[in-house]
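Chemist:
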Amino acid sequence: MEDKKEDKEEQEEKLPTDTKDDLESQPEKKNSVDEPEPMDETAKEALETIEKMTEGMEEEETLEKEEKKDIIEAEEKIEEAEEKLEEEEKELEVEEKKEEEIEKEIQVAKEEIENTDKELKKAKSEKTDALEEEEFKDLKKDVKPAPKPILEAVEPDEPTEASVKVEKANTDEMTTHIFGLRTTANREDQVMSFLSSNVVRKKIAVHSIVRPHGMRGYIFLEAEKIEDAEQAAFGVPYARGVLPKEIQYNEIEHMLERVKKDINIQKNDIAEIISGPFKREKAKITRVDKAKEEVVVELLEAAVPIPITVKIDAVKVIRRDTDE
Numbered sequence: 007m008e009d010k011k012e013d014k015e016e017q018e019e020k021l022p023t024d025t026k027d028d029l030e031s032q033p034e035k036k037n038s039v040d041e042p043e044p045m046d047e048t049a050k051e052a053l054e055t056i057e058k059m060t061e062g063m064e065e066e067e068t069l070e071k072e073e074k075k076d077i078i079e080a081e082e083k084i085e086e087a088e089e090k091l092e093e094e095e096k097e098l099e100v101e102e103k104k105e106e107e108i109e110k111e112i113q114v115a116k117e118e119i120e121n122t123d124k125e126l127k128k129a130k131s132e133k134t135d136a137l138e139e140e141e142f143k144d145l146k147k148d149v150k151p152a153p154k155p156i157l158e159a160v161e162p163d164e165p166t167e168a169s170v171k172v173e174k175a176n177t178d179e180m181t182t183h184i185f186g187l188r189t190t191a192n193r194e195d196q197v198m199s200f201l202s203s204n205v206v207r208k209k210i211a212v213h214s215i216v217r218p219h220g221m222r223g224y225i226f227l228e229a230e231k232i233e234d235a236e237q238a239a240f241g242v243p244y245a246r247g248v249l250p251k252e253i254q255y256n257e258i259e260h261m262l263e264r265v266k267k268d269i270n271i272q273k274n275d276i277a278e279i280i281s282g283p284f285k286r287e288k289a290k291i292t293r294v295d296k297a298k299e300e301v302v303v304e305l306l307e308a309a310v311p312i313p314i315t316v317k318i319d320a321v322k323v324i325r326r327d328t329d330e
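Under our numbering, the residues of the sequence shown are numbered 7 to 330, in order.
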């Protein structure tokens with residue numbers, strides 16, 4: 007600044023005196039750059055309005071850019087979500103196919119198991135039938151001929167019948183067969199009682215029921231068809247099933263006793279027990295079961311009458327009430 011002042015002073019000294027005076031008399035001009043000419047109020051307001059509009063437009067452009075950016079990001083996210091959804095759908099389809107294949111395999115396995123069970127049951131049934139048949143044959147070999155009954159037997163020319171007989175009409179015209187029924191050991195009498203009751207009540211075509219002598223766990227039924235024998239045995243306690251193969255009469259003939267005459271024992275008879283733990287005791291007959299060949303007696307010399315069941319051939323009638 008000092009240099010400029012010095013230069014200015016030197017120039018003034020060089021100028022003529024008149025020129026110098028003119029210059030001094032003129033007012034100093036202001037720098038147009040440093041100090042612009044003042045504007046009127048309208049121009050100022052217009053300028054301010056333009057500036058505000060420019061700022062507003064810049065803000066709007068910024069917002070639009072941000073919105074476009076957000077939209078682009080949202081579209082990208084949507085595309086990613088759609089891609090994931092497609093992948094999940096594909097995976098789901100693959101899983102469904104796998105499940106269908108697994109279900110098919112399970113179904114095939116179930117069918118194989120059912121077929122195997124059927125084959126096993128069939129094989130077991132065949133084996134059981136074969137074992138029962140062999141067991142039955144072995145039992146037949148071991149069975150001794152029936153002893154002669156203590157009571158008087160009928161004439162030999164009379165036909166052999168069963169222990170329990172079920173009356174039916176026109177039996178001579180029908181063809182009958184003999185079937186074996188397995189029972190729980192020592193329950194044969196109870197099974198016979200249930201069978202005879204079933205046959206009478208349901209009118210089943212079973213003509214006789216036989217308990218073979220010396221063979222435990224078996225009863226023979228004379229029936230027209232195996233279905234009749236099975237129907238008679240259905241629901242009977244201690245009955246374990248009808249053997250599938252028919253039995254020939256000559257196979258069991260030696261196990262049967264001939265029909266006995268009417269048992270000459272009546273209720274209220276006085277009898278003597280001739281065998282067993284009460285041998286030589288006198289007793290009164292209170293009930294006679296001809297089917298089971300048993301009698302119920304009460305000992306006469308007992309302080310308290312107690313019913314005792316014994317076989318008919320274990321007692322001998324010594325007196326009747328009508329004889330007194």
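Ideal placement from N, C-alpha and C gives every residue a C-beta, glycine not left out.
Report the partner residues of valine 321 according to the DSSP bridge assignment.
Modeler: Ile279
Chemist: Select from Lys285, Phe284, Arg286 and Val301 the residue whose C-alpha is nearest the C-alpha of threonine 292.
Modeler: Val301
Chemist: Can you give the Cα-Cα distance for leucine 249 and isoleucine 225, rounded to whole angstroms?
Modeler: Approximately 10 Å, taken between the alpha carbons.
Chemist: DSSP has aspartate 295 in a bridge; who is on the other side?
Modeler: Glu300, per the DSSP bridge assignment.
Chemist: Quick one: what does DSSP say leucine 339 is sitting in, helix, strand or coil?
Modeler: Missing from the structure shown is residue 339; the chain here goes from 7 to 330 and no further.
Chemist: Using C-beta distances below 7 Å, list every residue in its chain close to arginine 325, excluding the 5 sequence neighbours before and after it, in chain order.
Modeler: Ile276
Chemist: With a cut-off of 8 Å, do at least 3 Cβ pairs link the segment 191 to 201 to the segment 209 to 219?
Modeler: yes
Chemist: To which residues of the same chain is isoleucine 314 closer than 8 Å at the C-beta, ignoring the five residues directly before and after it?
Modeler: Phe284, Ala289, Val302, Val303, Glu304 and Leu305
Chemist: For isoleucine 77, which of helix, strand or coil comes out of DSSP?
Modeler: helix
Chemist: Tell me whether serine 203 is buried or exposed, calling it buried when 16 or more other Cβ atoms sit within 10 Å of its Cβ.
Modeler: exposed
Chemist: Grouping DSSP H, G and I as helix and E and B as strand, with all else coil, what is glycine 247?
Modeler: strand
Chemist: Roughly how far, in whole angstroms, is the beta-carbon of glutamate 239 from the beta-carbon of alanine 211, given that I think they are within contact range, below 8 Å?
Modeler: Looking at the sequence shown, residue 239 is not glutamate but alanine. So it is not a contact: roughly 14 Å between Cβ atoms.
Chemist: Given a threshold of 16 other Cβ atoms within 10 Å of its Cβ, counted over all protein chains shown, does aspartate 123 qualify as buried or as exposed?
Modeler: exposed
Chemist: Between Lys208, Ala245, Gln237 and Lys133, which has its C-alpha nearest leucine 187's C-alpha?
Modeler: Checked all of Lys208, Ala245, Gln237 and Lys133; the closest Cα to leucine 187 is Ala245.
Chemist: What span of residues does the beta strand (DSSP E) with arginine 188 cover, start to end?
Modeler: 183 to 189
Chemist: If you compare alpha carbons, which of Glu233, Lys209 and Glu194 is closest to arginine 222?
Modeler: Of the listed residues, the one whose Cα sits closest to arginine 222 is Glu194.
Chemist: Alpha carbons only, please: which of Phe185, Val242 and Gly62 is nearest the one belonging to isoleucine 232?
Modeler: Considering only alpha carbons, the answer is Phe185.
Chemist: Beta strand (DSSP E) containing phenylalanine 200: first to last residue?
Modeler: Counting along the chain, phenylalanine 200 falls outside any beta strand (DSSP E), though it belongs to the alpha helix (DSSP H) covering 194 to 208.
Chemist: Do isoleucine 279 and valine 321 have their C-beta atoms within less than 8 Å of each other?
Modeler: yes
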